[in-house]
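Using full-length UniProt numbering, you'd call the opening residue of the sequence shown number 1 and step up by one each time.
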Amino acid sequence: MSDLIRLSAAELGERLAAREVTSVEATRAHLDRIAAVDGAVHAFLHVDAERALDTAAEIDRRRHIGEELGPLAGVPIAIKDVLVTKGMPTTSGSRILEGWVPPYDATPVRKVRDAGMVPLGKTNMDEFAMGSSTEHSAYGATHNPWDLDRIPGGSGGGSAASVAAFEAPLALGSDTGGSIRQPAHVTGTVGVKPTYGGVSRYGSIALASSLDQIGPVSRTVLDSALLHDVIAGFDPHDATSIPDPWPSMAEAVRRADVSGLRIGVVKELDSDGFQAGVRQRFHEALELLEQHGAEIVEVSAPNFEYSIAAYYLILPAEASSNLAKFDSVRFGLRVTPEGGGTVEQVMSATREAGFGPEVKRRIILGTYALSAGYYDAYYGSAQKVRTLVQRDFDAAFAKVDVLATPTAPTTAFKLGEKLDDPLAMYLNDVATIPANLAGVPGISVPAGLAPEDGLPVGIQFLAPAREDARLYNVGGALEALLLDRWGGPILAQAPDLSTHELMATEEGVV
Ligand code: GLN
Numbered sequence: 001m002s003d004l005i006r007l008s009a010a011e012l013g014e015r016l017a018a019r020e021v022t023s024v025e026a027t028r029a030h031l032d033r034i035a036a037v038d039g040a041v042h043a044f045l046h047v048d049a050e051r052a053l054d055t056a057a058e059i060d061r062r063r064h065i066g067e068e069l070g071p072l073a074g075v076p077i078a079i080k081d082v083l084v085t086k087g088m089p090t091t092s093g094s095r096i097l098e099g100w101v102p103p104y105d106a107t108p109v110r111k112v113r114d115a116g117m118v119p120l121g122k123t124n125m126d127e128f129a130m131g132s133s134t135e136h137s138a139y140g141a142t143h144n145p146w147d148l149d150r151i152p153g154g155s156g157g158g159s160a161a162s163v164a165a166f167e168a169p170l171a172l173g174s175d176t177g178g179s180i181r182q183p184a185h186v187t188g189t190v191g192v193k194p195t196y197g198g199v200s201r202y203g204s205i206a207l208a209s210s211l212d213q214i215g216p217v218s219r220t221v222l223d224s225a226l227l228h229d230v231i232a233g234f235d236p237h238d239a240t241s242i243p244d245p246w247p248s249m250a251e252a253v254r255r256a257d258v259s260g261l262r263i264g265v266v267k268e269l270d271s272d273g274f275q276a277g278v279r280q281r282f283h284e285a286l287e288l289l290e291q292h293g294a295e296i297v298e299v300s301a302p303n304f305e306y307s308i309a310a311y312y313l314i315l316p317a318e319a320s321s322n323l324a325k326f327d328s329v330r331f332g333l334r335v336t337p338e339g340g341g342t343v344e345q346v347m348s349a350t351r352e353a354g355f356g357p358e359v360k361r362r363i364i365l366g367t368y369a370l371s372a373g374y375y376d377a378y379y380g381s382a383q384k385v386r387t388l389v390q391r392d393f394d395a396a397f398a399k400v401d402v403l404a405t406p407t408a409p410t411t412a413f414k415l416g417e418k419l420d421d422p423l424a425m426y427l428n429d430v431a432t433i434p435a436n437l438a439g440v441p442g443i444s445v446p447a448g449l450a451p452e453d454g455l456p457v458g459i460q461f462l463a464p465a466r467e468d469a470r471l472y473n474v475g476g477a478l479e480a481l482l483l484d485r486w487g488g489p490i491l492a493q494a495p496d497l498s499t500h501e502l503m504a505t506e507e508g509v510v
């Protein structure tokens, strides 16, 4: 395996700046890695090698003539297929968008390009970001690099797996109920859901507009911070975008110090419902932080237990409305019934063929919850619960600076294990959903491997809205302490997949 793909994005950026390596070399190393392992991992739906190499060559040229470039210039990145990319196919994991090539770049993609980064391609995801395992992708599941028979999390399993498998040093994801943080937890990577409104949603194919956020995926906390600094900021194209400037997240990591930091442990999310090894690593991480000056305080958030119920009314309601635009007229697939049909029949045949079962399930749920006569009972009640969850956060943050929870209840489960049981799938999000309901930021940082199965475990930190820098402070501090404890990053212990290189085919690279 080339050493270049083992570097963090920050390290690679420094080597590029020092002209010890070119972006073309770094990009080629990652493309080679994709060619070698993605047949087995299937993190990518689309790889644009030619354009990536052209972009890299252009950055090298600009560096050569002495242009001032940012810290991530020339660094490759993978992009979740939920973000539209000019001239690059975008499907959101759905058949209904197969073959669609968007005419513009989503704002986070544009910012990544403006920073001189090199998009490698688009990563696999559950269809329209609905799921926790990537198995709901219309293009086949992604496999967890730690164990190819297991799920890489979802919906952003492709982004997390691409980073964990060293196919890309960085990726972009989207998090509506945990789709950045839960995949990070099960793949031993770092994932951040920024404050709602912190990163533009313009050009992100909407799942639930009041919950969606775009954010970074990486192998180190500093790398996520550097990417966060690139993508954050006001965008007039997004009506919910926060106009104020943001402090540097990278600075927060570099100055990380937890002395005097009050960390609240959410009592309700520290229960027997969580796998023993997940809780063990969670508590060890807290002890370590406490030894280094943090104060650990128990807090209660009694309404968090209703979060999943509220989320699975609010999300389908918003999704059913957002997905109405896939009508066979404007985008992608069009299926005409045999012998022709009315507009309505064409729409119906297209949506029947183009949407998978989970998407249909949520459209039906959402339409029902919004229908006259049920609106107040379901959607209205869910919105009230949302307010109660927000109040739980307010009460907790009056006492502590950040909250801590295990990121998800279990380590990576087997592919197929929960596919036929939607409720079991939904329960994965018990610890991540409250943050989306309240709009607060969250990070998942690797906390070790569960002793019982040797699979990665994440710890989640949550901060008040606009206080994303606190997450980078505590996440960066914990990462440094754990590096000392284990003598290296946990991803160094992941299988290097070289045994799979022989079975790798072009199959996953379309
Ligand atoms: N797993 C959650 C869901 O299925 C979260 C999805 C997401 O964050 N996009 O809705």
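Beta carbons: idealized from backbone N, C-alpha and C, even for Gly.
None of these values were measured; they are calculated from a predicted model.
Give me the DSSP bridge partner(s) of residue i.
i	result
Pro119	Ile77
Val402	Ile263
Lys193	Gly442
Pro216	Leu172
Ala232	Val199
Asn144	Asp147
His283	Beta-bridge pairing links His283 to no other residue.
Ile296	Ile263
Leu83	Ser204
Identify, in the order they occur along the chain, each residue of the same chain with its Cβ nearer than 7 Å to the Cβ of residue i, setting aside the five sequence neighbours on each side.
i	result
Thr410	Gln275 and Val278
Leu491	Ala164, Gly188 and Arg219
Leu388	Asn303
Leu97	Thr90, Thr91, Phe331 and Gly332
By the three-class DSSP mapping on this structure, what secondary structure does residue i have?
i	result
Pro446	strand
Pro456	strand
Leu172	strand
Met88	strand
Phe413	coil
Met503	In this prediction, Met503 scores a pLDDT of 49, lower than 50, which makes its location untrustworthy; no coordinate-derived value is stated.
Val509	For Val509, the predicted structure reports a pLDDT of 40, less than 50, and the residue's modelled location is therefore unreliable. A value from the coordinates is still provided. Of the three classes helix, strand and coil, the one that applies to Val509 here is coil, per DSSP.
Ser159	helix
His46	strand
Phe393	helix
Leu462	strand
Lys418	coil
Tyr312	helix
Leu97	helix
Met425	helix
Pro183	helix
His136	coil
His237	coil
Asp244	coil
Leu7	coil
Looking at residue i: is its Cβ nearer than 9 Å to the Cβ of residue j?
i	j	result
Ala404	Gly191	no
Ser174	Val84	no
Arg361	Pro446	no
Thr27	Ala9	no
Pro243	Phe234	yes
Ser204	Pro108	yes
Ala184	Gly488	no
Pro145	Val297	no
Asn428	Gln213	no
Ala56	Ala115	no
Leu481	Leu288	yes
If I measure Cβ to Cβ from residue i and keep anything under 8 Å in the same chain, skipping five residues before and after, which residues do I get?
i	result
Asn473	Ala252, Val253, Arg255, Ala256, Asp257, Val258 and Leu261
Gly380	none
Excluding the five sequence neighbours on either side, which residues of its own chain have a C-beta within less than 6 Å of the C-beta of residue i, listed in chain order?
i	result
Arg15	Val21
Phe397	Pro464
Gly366	Pro316, Ala317, Ala319 and Ser320
Thr195	Pro441, Ala465, Arg466 and Asp468
Tyr378	Leu313 and Ala369
Ala382	Ala310, Leu313 and Ile314
Write down the C-beta distance between residue i and residue j rounded to the nearest angstrom, noting that I regard them as a contact closer than 8 Å.
i	j	result
Gly198	Ala232	5 Å
Gly356	His136	6 Å
Thr134	Gly154	4 Å
Ile59	Leu170	The pair is not a contact, with the Cβ atoms about 15 Å apart (cut-off 8 Å).
Thr407	Ser444	4 Å
Ala138	Ser94	5 Å
Arg150	Ala494	Not a contact, Cβ separation roughly 12 Å.
Thr123	Ile79	7 Å
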